[in-house]
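So for the sequence shown, the working numbering puts the first residue at 9; every next one is plus one. The next block holds one structure in the form of structure tokens; read it before the comments.
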Amino acid sequence: APPEPAVMFERYTAHYHVRAAAGQGALYGVLILNEYVARKHFGADRWQILALMLIPATTQLMAGVWNPASSDTFVGRHPFRTLGVGLHALLALPLLSQADWSAWAFVWLAVTVLVAQMLLVPVQNTIVARNYRPAARGRWFGRAAAVQGAAVLLVSIPVGMWLDRDAEAWTLAYALAAGFGVYAYVQWGRLRRRRAQAVPSDMVTHPSAWTTLLRDRSFLAYEACFMVYGLGFLALQPVLPLYLVDDIGVSYTEVGIARGAIFWITMIAASPLAGRLADRIGILRLAGIGFLILGLFPLTLWALPNKLGMFLAFGIFGVAMACVNITWNLGPIAMARGRDPVPYLNAHLAAVGIRALIGMTVGTVLHSAFGTTPVFLGVVVLEILAAAMMFRMARREHGGLRP
Numbered sequence: 009a010p011p012e013p014a015v016m017f018e019r020y021t022a023h024y025h026v027r028a029a030a031g032q033g034a035l036y037g038v039l040i041l042n043e044y045v046a047r048k049h050f051g052a053d054r055w056q057i058l059a060l061m062l063i064p065a066t067t068q069l070m071a072g073v074w075n076p077a078s079s080d081t082f083v084g085r086h087p088f089r090t091l092g093v094g095l096h097a098l099l100a101l102p103l104l105s106q107a108d109w110s111a112w113a114f115v116w117l118a119v120t121v122l123v124a125q126m127l128l129v130p131v132q133n134t135i136v137a138r139n140y141r142p143a144a145r146g147r148w149f150g151r152a153a154a155v156q157g158a159a160v161l162l163v164s165i166p167v168g169m170w171l172d173r174d175a176e177a178w179t180l181a182y183a184l185a186a187g188f189g190v191y192a193y194v195q196w197g198r199l200r201r202r203r204a205q206a207v208p209s210d211m212v213t214h215p216s217a218w219t220t221l222l223r224d225r226s227f228l229a230y231e232a233c234f235m236v237y238g239l240g241f242l243a244l245q246p247v248l249p250l251y252l253v254d255d256i257g258v259s260y261t262e263v264g265i266a267r268g269a270i271f272w273i274t275m276i277a278a279s280p281l282a283g284r285l286a287d288r289i290g291i292l293r294l295a296g297i298g299f300l301i302l303g304l305f306p307l308t309l310w311a312l313p314n315k316l317g318m319f320l321a322f323g324i325f326g327v328a329m330a331c332v333n334i335t336w337n338l339g340p341i342a343m344a345r346g347r348d349p350v351p352y353l354n355a356h357l358a359a360v361g362i363r364a365l366i367g368m369t370v371g372t373v374l375h376s377a378f379g380t381t382p383v384f385l386g387v388v389v390l391e392i393l394a395a396a397m398m399f400r401m402a403r404r405e406h407g408g409l410r411p
């Protein structure tokens with residue numbers, strides 16, 4: 009018998025989804041070095057590195073009020089063509105301009121591209137929500153995540169080695185990233201969205217992202233769990249490049265091996281399993297597992313303050329983020345329970361801006377005043393707390409929110 013139409017549409021979706029994921033992975037294989045290029049090549053200070061991370065994150069707050077990628081404007085009608093292809097092409101500017109770039113110019117270029125990527129996440133995940141059946145969504149997403157990880161792996165290490173030999177080649181590396189980004193968002197733009205099913209009368213969509221968050225108590229509890237996780241995770245981000253460059257003394261190649269090879273090999277291996285676990289044990293339990301494993305990441309860096317510790321820690325980090333990546337992307341869709349997922353996705357994205365503003369700033373201030381140890385150990389405590397909250401929620405929700 010021929011496959012059901014829903015299965016055929018899933019295969020059609022996966023055809024372009026996997027290609028888009030490969031392009032985004034190759035793009036990230038270059039952009040993964042953003043903070044290290046800023047620090048090592050341009051001599052960026054801690055506040056410029058904070059700006060590089062914090063500005064894109066806090067910009068996500070606008071998604072709670074108005075996200076241009078999902079609005080009824082020209083940008084909203086053609087999000088992948090404008091924010092995707094158009095803004096990612098700017099990464100070729102350093103090569104084409106042949107100008108001397110300052111640390112702040114580099115930061116603003118990277119920020120522009122990162123903002124575009126984040127605003128497109130709800131649009132991408134709406135396609136995932138509509139085009140994949142709930143019972144198979146985790147499996148398909150896990151496969152795409154593994155392909156994305158493989159692309160990061162294939163790009164990040166050669167680029168890191170290349171920049172170690174010729175630091176000025178960063179302009180050509182970012183021009184290649186422009187090509188990868190354009191390819192990825194062209195693939196997303198080719199995907200047709202399945203029509204949304206009629207919403208039952210007792211599941212009327214709330215009119216805005218913030219209203220959705222405040223009226224849906226289960227979703228609010230879910231976001232509270234992610235708020236605690238995210239405060240720890242994001243406090244760690246601006247401290248990592250300072251710790252690895254200044255305290256451990258890593259090279260571009262070693263960063264590529266840790267963040268590119270070890271992290272992504274473990275994430276590639278773990279993502280398909282995490283996707284199947286999401287379908288089997290539920291999104292909430294998988295999130296709790298991911299938070300617990302993530303707590304081991306800074307604990308390992310603190311206990312083994314050397315390059316061997318860094319390599320081991322990034323292996324743990326890869327397993328943790330395989331779980332967190334799937335739950336972060338698919339959780340709001342599951343929490344929507346058949347409603348239009350867009351306000352849930354926009355609220356979820358906007359909440360990242362809140363915790364980034366708090367977490368990254370507090371992490372930078374603590375590191376400046378007291379060093380690395382309080383930040384690392386504080387993150388461990390927050391991840392354990394977030395896991396406990398998520399497991400408690402999983403016991404209340406049917407099947408841990410299995411499809």
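Glycine residues also receive a C-beta, built at the ideal position from the N, C-alpha and C atoms. Only a predicted model underlies this, so the values are computations on that prediction, with no experimental measurement involved.
Within the stretch 107–145, the alpha helix (DSSP H) runs of at least 4 residues that lie entirely inside it are, in chain order, 111–139. The three-state secondary structure of Glu405, taken from DSSP, is coil.
Excluding the 5 residues flanking it on each side, Ala183 has same chain C-beta neighbours closer than 7 Å at Leu99, Ala100 and Leu103, in chain order. For Phe299, the enclosing alpha helix (DSSP H) begins and ends at Ile291 to Ala311. Its chain contains Phe88, Gly92 and Val93 as the residues whose beta carbon lies nearer than 6 Å to that of Tyr193, once the 5 sequence neighbours on both sides are disregarded; these appear in chain order. Between the alpha carbons of Phe188 and Arg404 lies a gap of roughly 43 Å. Annotated three-state conformation of Gly346 is coil, per DSSP. Assigned with DSSP and collapsed to three states, His356 falls in helix. For Ile63, the enclosing alpha helix (DSSP H) covers residues Arg54 to Thr67.
About 5 Å separates the beta carbons of Gln56 and Ala111, which is inside the 8 Å limit, making them a contact pair. Excluding the 5 residues flanking it on each side, Ser79 has no same chain C-beta neighbour closer than 6 Å. Counting only residues of its own chain and dropping the five nearest sequence neighbours on each side, Ala295 has a CB closer than 6 Å to the CB of Thr335 and Met398. Between Ala159 and Leu300 a beta carbon distance of about 28 Å is seen, past the 8 Å cut, so the two are scored as non-contacting. Within the same chain, Cβ atoms closer than 7 Å to the Cβ of Pro306 are found at Leu244, Phe384, Val387 and Val388, the five residues on either side in sequence being excluded. For Trp196, the uninterrupted alpha helix (DSSP H) run begins and ends at Trp178 to Arg198, by DSSP. Within 10 angstroms of the beta-carbon of Leu122 lie 16 or more other beta-carbons, which makes it buried.
In this structure, the CA atom of Ala137 is about 6 Å from the CA atom of Ile341. Put simply, the stretch 169–176 does not touch the stretch 13–33. Fewer than three CB pairs are less than 8 Å apart.
Nearest C-alpha to Gly339 among Glu231, Gly257 and Val247: Glu231.
Ser259 carries a coil assignment under DSSP once its states are collapsed to helix, strand and coil. Of the residues assessed, Val167 falls on the buried side of the cut-off, its CB having 16 or more other CB atoms within 10 angstroms. Pairwise C-beta distances place the stretch 369–380 out of contact with the stretch 276–283, as fewer than three of them are shorter than 8 Å. Residues Leu320 of the same chain have their beta carbon placed closer than 7 Å to that of Leu312, with the five preceding and five following residues left out of the count.
The residues Leu60 and Ala118, in chain order, have a CB closer than 7 Å to that of Asn42 in the same chain once the five nearest residues on each side in sequence are set aside. Around the Cβ of Ser164, a 10 Å sphere holds 16 or more other Cβ atoms; the residue is buried. With a cutoff of 7 Å on beta-carbon distance, Arg400 and Leu239 are scored as not near each other.
For Ser226, the uninterrupted alpha helix (DSSP H) run begins and ends at Arg225 to Leu244, by DSSP.
Judged by DSSP secondary structure, Leu250 falls within the alpha helix (DSSP H) whose first and last residues are Val247 to Leu250.
The continuous alpha helix (DSSP H) containing Ser105 extends over residues Leu101 to Ser105. Here Trp272 is buried. Its C-beta has 16 or more other C-beta atoms within 10 Å. Linking Gly290 to Val350 through their CA atoms gives a straight-line distance of about 21 Å. Nearest in C-alpha terms to Asn333, of all of Thr179, Tyr251, Leu221 and Ala152, is Ala152. When DSSP states are grouped into helix, strand and coil, Leu39 belongs to the helix group. Val263 sits away from Tyr36, with the two beta carbons spaced by 7 Å or more.
When rounded, the separation of the alpha-carbon atoms in Leu357 and Lys48 is 31 Å. When rounded, the separation of the alpha-carbon atoms in Tyr24 and Ala278 is 22 Å.
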